[in-house]
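Engineer: Just so you know, the protein sequences line up as chains P and E, in that order. Just so you know, my numbering puts 575 at position 575 of the first sequence, and the rest follows in order with no gaps. Add 1000 to the 1-based position in the second sequence for my numbering, that's all there is to it.
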Amino acid sequence: MPRIGVFVCQCGNNIAATVDTKKVAEEMAKIPGVVYTCDYKFMCSSPGQETLKQAIKENNLDGIIVSACSPHMHEKTFRKASEAAGLNPYQCEITNIREQCSWVHHDKTKATGTVKSVDLTRMTIQRLKKNQPLKKIKIPVKKKALVIGGGIAGIQAALDIAEGGREVILVEKEPSIGGNMARLSETFPTMDCSQCILTPKMVEAELNENITLYTYSEVEKVDGYIGNFTVTVRRKSKYVDEERCTGCGECMEKCPFKVESAFELGLSKRKVIYTPFPQAVPNIPVIDAPNCPKIQKDKCGACAIVCGPKCIDFKMEDRLETVEVGAIVVATGYQLMPNERFGEYGYGRIKDVISGLQFERLASSSGPTGGEIRRPSDGKVPESVVFIQCVGSRDEKKGVSYCSKICCMYTAKHTKLYSHKVHGGQSYVFYMDIRSGGKRYEEFVRGAIEHDGAMYLRGRVSRVYEKNGKIIVQGADTLSGSQVEIEADMVVLATAIVSREGADGLAQRLGIGYDKHRFYNEYHPKLKPVETVTAGIYLAGSCMGPMDIPDSVAQGSAAASKVLALFSADEMAREPITALVNKVTCNACWDCLTACPYTAIEREAIKDRKGNIVRWVARVNDGVCQGCGVCVAACRSKSIDLKGYTDEQVFAAINAF
Amino acid sequence: MKISYYPGCTLNTVAKQFDSSARDSALAMGFEMAELRQWNCCGATFPLAPDNLMGLSAPAKVLSGARKEGDTLTTLCSVCYNVLKRTNKVMRDSRDKRGVVNGFIEEEYDGSLDVLHYLEVLRDRIGFDKVKEAVKRPLKGIKAGAYYGCMLLRPFEDMGIDNAERPTIFEDLLKALGAEPVEFPNRIECCGAHLAMNNDEVVTRLSGAVIDSATGMGAELMVTSCPLCQYNLEKSRGAAAGDEVPVIYFTQALGLALGQDLETLGFEKNATDVMPLLKKKGIV
């Protein structure tokens, strides 16, 4: 016979106003198995908890029920108290007679509330009788992290984790870390040079002995769970031996072939053996195999001839490397929407219509024009520049529904840069709204308008075309209600920020969620902004949505702090509310495997004594399982149960009603 | 191959040369334009209010009649094309509206017709490469500006003939005919359309800008796909700097290149004279 104690809380007047708690306690005492009942003003108070502990010890209770507020409020409190009194904490159950009873009933005679409280508590008692004592799951944690993406968010996360004394592998798919930030000229709102604030961090990431850089590499496969991930990384062949290369650059000097530079967004050319930009980290060139005549047709090989340390190997192949880590930070960043989609703006057809990121390169002192604003077609300094905002953003029909967030600010910055570099030049900005929320952001935009003479026109552009060597921009100025036509020398499009190509594929490999725009989903947009639904995988930066540098850095640090907290103990304790498979009845239909949103279900082989596989069954990985119960519902042979919420428990409660 | 053909009112009256040159060229390309046995005016404007179903009854009547004669309907005038194609889409996609309109015209039409512009027939059913092979009198050396106007392309979701902001179908045809297409900025701007009847100042300004834009890019010939565009451009050319630029229908250009008899192409019916240009280029 079980020995159950029932504690009914009055919650001051919160419960007692509509529920006769004394009566509830008396009624419960009549149920077989209940050996102790009481009601009390505040069960959660210290004296209340003391009463509970004492009652457990004195009456030798093997299960207790607290009829009080929602389990969200104090389940933890009472389970802790039970544990202190020597009871398995999962033998403590809560009946919610506040939010689901006293608060919703107004009957001051207490009749309705009392009857309902009695019913609810009785149901919990029957449920409790079927409870099994559970133990917290302990998971060993590998104290090494993987950061995917070497932009500013990823670099910051890696540096912070390394600073905390843990090892980090930083994977970057380009030959150098730095990401999109390495392309920028100056940054808003302080106008400090992007490279000047970024390169020290890049170098630090290279020199920090806790950080291992895997550049020119991509994540191929992710297995395992929090604390114990096994990740396969494809280390793309650089055709250059990283150990021996000194970064002298002789090979790049001598390479006779040039192709369009992806880093410079087509504004200039680079050699076929190259580093994307001069400050590249690591400063080791790679060979662009599809364009290399030596690799394709066995002609040339000039780089290998001039290479002093003889580190060029045309036969080098991709390597797959497996790393074991305890946590993963995803910081894969963003890209721009293809401008060609907007035929009316003439991008791709008119040479001097460029994207905002291309303008960054023109304004950058390490860019193709050495920081002078010169238009791509003829190198002339433009006397007037039109900036068009919201190209694709906030445009559900042709682009995306969301605001790209950073364009208002960087366009204001562009007008400033332009006016500083081209004296007497006139800039025009077509905008829908100016969204400059952020510290010192609004003042920055005002500065562009008031001090740097940018002409802001509220309205959309309908057409951009060439006429007599000028670019004619036709648009509406909705504030004056007139049509405007501007003759410009250059047009800059503030193109929508979109998720990286292949972002969905990576999310599927990692088992994390993404939205319809393929931006990754945080666990909770306010309260868990850098966590994902998959424990042990964290997010940082603009892979979650358009984000500026300060926010990306803050998130990199936030993700790092989460990783360090996880690494602070050797073992990690988790709630034992996980699914359990009955291996005897499981018929391996694998419905659970397809239903599980966390990839927590594995195939397990049942072997006979000789080691031959007899049959297969499903097995739940406790490290990954979140206890959502989807597999329980999906299982046709009723072979899966959720610990703490077994069918037996649930039906016992229902039957007691 | 036989394709049902809806000429529309203007092709029977002021744009007879558009009609005849199209029919002859079709035969030369191996298909017949079979005029619908019975047809009425398309209404000339697709109703702007979504609940104005009365405006759909005339085109729906045309479509339902055409469905009984085949599964494809082609037309030449941009406005007819616009009205018929959009009405067809409504009849196909909206069950409610289909019911009301069918009830009114006493037909059971379900929108299963393919409404194609003559240009689409050439591109998708015949193929511009086949057109190129059939050219006997290439329009060599002629810088031709293809003028799309509005109705052929817009609204993009309904028409879908080509990219509304940066179309190429017209230029591709001219290229196949041996001409040098000139992609000029105003080729998809409005010509002024019906304002020709009550406010020709606007038409003069807009059509003049179209011609200016084309001649500014070096066009020696304007090619149109709509009787109203044709009329407005021809009438307004006096206002533009490109005073002498001739304007012809694309089917006339097609017939010319395919080696048709000059008389059947009806150049004399145009308000502008293309012959001096053709002679200068040594084409005739």
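Heads up, the beta-carbon is just placed ideally off N, CA and C, and yes, glycines get one too.
Does the stretch 457-466 of chain P come close enough to the stretch 475-494 of chain P to have 3 or more Cβ pairs within less than 8 Å?
Structural biologist: Flag = yes, the stretch 457-466 of chain P and the stretch 475-494 of chain P touch.
Engineer: Once DSSP output is grouped into helix, strand and coil, what is the label at P:Lys201?
Structural biologist: For this step, residue 201 of chain P is matched to residue 201 along the first sequence. Three-state DSSP puts P:Lys201 in a helix.
Engineer: Go through its chain and collect everything with a Cβ distance to P:Gly511's Cβ below 7 Å, but skip five positions before and after it.
Structural biologist: In the first sequence, the residue the question calls residue 511 of chain P occupies position 511. Contacts found: Thr534, Tyr598, Thr599.
Engineer: Determine, using beta carbons only, whether P:Ser401 and P:Leu493 come nearer to each other than 9 Å.
Structural biologist: Position 401 of the first sequence, counting from 1, holds the residue named residue 401 of chain P. Position 493 of the first sequence, counting from 1, holds the residue named residue 493 of chain P. Not closer than 9 Å, so no.
Engineer: Residues of chain P with a CB under 7 Å from the CB of E:Val1163: which are they?
Structural biologist: For the purposes of this step, residue 1163 of chain E is taken as residue 163 along the second sequence, with counting starting at 1. The question names Val, yet the displayed sequence has Asn at residue 1163 of chain E. Within 7 Å Cβ-Cβ: Gly343.
Engineer: Let me confirm a value: P:Asn13 is counted as buried when at least 16 other C-beta atoms fall within 10 Å, else exposed. Which label applies?
Structural biologist: Here residue 13 of chain P is taken as the residue at index 13 of the first sequence, counted from 1. It counts as exposed.
Engineer: Looking at P:Asn59: is its Cβ nearer than 9 Å to the Cβ of P:Arg3?
Structural biologist: As a working note, residue 59 of chain P is residue 59 in the first sequence. As a working note, residue 3 of chain P is residue 3 in the first sequence. Yes, the Cβ-Cβ distance between P:Asn59 and P:Arg3 is below 9 Å.
Engineer: Quick check: P:Leu539 and P:Val219, are their CB atoms within less than 9 Å of each other?
Structural biologist: In the first sequence, the residue the question calls residue 539 of chain P occupies position 539. In the first sequence, the residue the question calls residue 219 of chain P occupies position 219. The answer is no: Cβ separation not under 9 Å.
Engineer: Is P:Ser557 buried or exposed, if buried means 16 or more other CB atoms sit within 10 Å of its CB?
Structural biologist: As a working mapping, residue 557 of chain P is identified with position 557 in the first sequence. Classification for P:Ser557: buried.
Engineer: Can you find a C-beta in chain B that's less than 9 Å from the C-beta of E:Asn1186?
Structural biologist: No chain B appears in the structure shown, which is made up of the protein chains P and E.
Engineer: Let me confirm a value: E:Val1062 is counted as buried when at least 16 other C-beta atoms fall within 10 Å, else exposed. Which label applies?
Structural biologist: In the second sequence, the residue the question calls residue 1062 of chain E occupies position 62. Buried, by the Cβ-count rule.
Engineer: Leaving out five residues before and five after P:Met455 in sequence, what residues of the same chain have Cβ atoms less than 6 Å from its Cβ?
Structural biologist: Along the first sequence, one-based indexing puts residue 455 of chain P at 455. Counting only Cβ-Cβ distances below 6 Å, and skipping sequence neighbours, we find Tyr428.
Engineer: State buried or exposed for E:Leu1256, treating a residue as buried only when at least 16 other CB atoms are found within 10 Å of its CB.
Structural biologist: Reading the second sequence from its first residue, position 256 is the one you call residue 1256 of chain E. So E:Leu1256 counts as buried.
Engineer: For E:Gly1160, decide whether its Cβ has a neighbour in chain P, counting only Cβ atoms nearer than 9 Å.
Structural biologist: Taking the second sequence and counting its residues from 1, one reaches residue 1160 of chain E at position 160. No, E:Gly1160 does not count as interfacial toward chain P.
Engineer: Taking just the CA atoms, how far does P:Gly150 sit from P:Phe430?
Structural biologist: Stepping through the first sequence from its first residue, residue 430 of chain P is reached at position 430. Stepping through the first sequence from its first residue, residue 150 of chain P is reached at position 150. Taking the straight line joining both Cα atoms gives about 34 Å.
Engineer: Beta carbons nearer than 9 Å to chain E: which residues of the stretch 526-545 of chain P have them?
Structural biologist: So the list is empty, because no residue satisfies the distance condition.
Engineer: Give the residues of chain P in contact with E:Gly1216, contact being defined as C-beta atoms less than 9 Å apart.
Structural biologist: Mapped onto the second sequence, residue 1216 of chain E falls at position 216. By Cβ distance, chain P contributes Lys467, Asn468.
Engineer: Please state if the CB of P:Ile125 and the CB of P:Ala656 are separated by a distance shorter than 9 Å.
Structural biologist: Here the question's residue 656 of chain P lines up with position 656 in the first sequence. Here the question's residue 125 of chain P lines up with position 125 in the first sequence. Yes, Cβ-Cβ distance for P:Ala656 and P:Ile125 is below 9 Å.
Engineer: Shortest alpha-carbon distance to P:Ala618 belongs to which of P:Val581, P:Arg361, P:His420?
Structural biologist: If you number the first sequence from 1, residue 618 of chain P lands on position 618. Per the Cα distances, P:Val581.
Engineer: So, under 8 Å CB-CB, E:Pro1167 and E:Leu1153 are touching, yes? Tell me the CB distance rounded to an integer number of Å.
Structural biologist: Within the second sequence, residue 1167 of chain E is the residue found at index 167, counting from 1. Within the second sequence, residue 1153 of chain E is the residue found at index 153, counting from 1. Contact holds; Cβ gap of about 6 Å.
Engineer: From P:Gly629 to P:Ile640, what does the alpha carbon distance come to, in whole angstroms?
Structural biologist: Residue 629 of chain P sits at position 629 when you count from the first residue of the first sequence. Residue 640 of chain P sits at position 640 when you count from the first residue of the first sequence. Spanning the two alpha carbons is a distance of roughly 9 Å.
Engineer: Specify, as a first and last residue, the run of the beta strand (DSSP E) that P:Lys144 falls within.
Structural biologist: If you number the first sequence from 1, residue 144 of chain P lands on position 144. Where P:Lys144 is concerned, the enclosing beta strand (DSSP E) stretches over 144-148.
Engineer: Three-state secondary structure (DSSP) at P:Tyr36?
Structural biologist: Walking along the first sequence from the start, residue 36 of chain P turns up at place 36. In this structure, P:Tyr36 counts as strand in the three-state DSSP scheme.
Engineer: Going along chain P in order, which residues have a C-beta closer than 7 Å to the C-beta of E:Arg1166?
Structural biologist: For the purposes of this step, residue 1166 of chain E is taken as residue 166 along the second sequence, with counting starting at 1. Those are Gly343, listed as they occur along chain P.
Engineer: Let me know the secondary structure DSSP gives E:Ser1078 once reduced to three states.
Structural biologist: Position 78 of the second sequence, counting from 1, holds the residue named residue 1078 of chain E. Three-state result, E:Ser1078: helix.
Engineer: Report the residue from E:Cys1041, E:Ser1021, E:Cys1042 whose alpha carbon sits nearest the alpha carbon of E:Glu1032.
Structural biologist: Your numbering for residue 1032 of chain E matches position 32 in the second sequence. Measuring from the Cα of E:Glu1032, the nearest candidate turns out to be E:Ser1021.
Engineer: Do the stretch 161-172 of chain P and the stretch 115-125 of chain P make contact, defined as three or more Cβ pairs closer than 8 Å?
Structural biologist: Touching, no.
Engineer: Counting Cβ pairs, one atom from each stretch, are 3 or more of them under 8 Å apart for the stretch 464-474 of chain P and the stretch 339-351 of chain P?
Structural biologist: As far as the Cβ criterion goes, the stretch 464-474 of chain P touches the stretch 339-351 of chain P, which means the pair count is three or higher.
Engineer: For my contact list, E:Ala1219 and E:Ala1144 are in at a C-beta cut-off of 8 Å; report their separation, rounded to the angstrom.
Structural biologist: Taking the first residue of the second sequence as position 1, residue 1219 of chain E is located at position 219. Taking the first residue of the second sequence as position 1, residue 1144 of chain E is located at position 144. That belief holds up - the Cβ atoms of E:Ala1219 and E:Ala1144 are roughly 6 Å apart, short of 8 Å.
Engineer: Who are the near neighbours of P:Cys292 in its chain, counting only those whose CB is closer than 6 Å to its CB and skipping five residues on each side?
Structural biologist: One-based indexing of the first sequence puts residue 292 of chain P at position 292. Excluding positions up to five away in sequence, the list reads Val272.
Engineer: Which residues in the same chain have their Cβ closer than 7 Å to the Cβ of P:Ser404, if we skip the five residues on either side of it in sequence?
Structural biologist: To locate residue 404 of chain P, count along the first sequence from 1; it is residue 404. Hits under 7 Å: Ser393, Ala496, Ile497, Pro546.
Engineer: Which residues mark the beginning and the end of the alpha helix (DSSP H) in which P:Cys69 is found?
Structural biologist: Within the first sequence, the letter at position 69 stands for residue 69 of chain P. Element bounds for P:Cys69: n/a, residue is neither H nor E.
Engineer: In whole angstroms, what is the alpha-carbon distance linking P:Pro529 and P:Ile350?
Structural biologist: Here residue 529 of chain P refers to the residue found at position 529 of the first sequence. Here residue 350 of chain P refers to the residue found at position 350 of the first sequence. Roughly 42 Å between the two C-alpha positions.
Engineer: Express the C-alpha separation of P:Glu209 and P:Arg244 in angstroms, rounding to a whole number.
Structural biologist: Walking along the first sequence from the start, residue 244 of chain P turns up at place 244. Walking along the first sequence from the start, residue 209 of chain P turns up at place 209. Distance between the alpha carbons of P:Arg244 and P:Glu209 is about 19 Å.
Engineer: Near E:Pro1047, which residues of its chain fall below 7 Å by C-beta distance, leaving aside the five closest residues on each side in sequence?
Structural biologist: Mapped onto the second sequence, residue 1047 of chain E falls at position 47. Closer than 7 Å at the Cβ level, and outside the excluded window around E:Pro1047, lie Gly1055, Leu1056.
Engineer: Would you call the stretch 1008-1025 of chain E and the stretch 601-621 of chain P touching, i.e. three or more CB-CB distances under 8 Å?
Structural biologist: The stretch 1008-1025 of chain E is not in contact with the stretch 601-621 of chain P.
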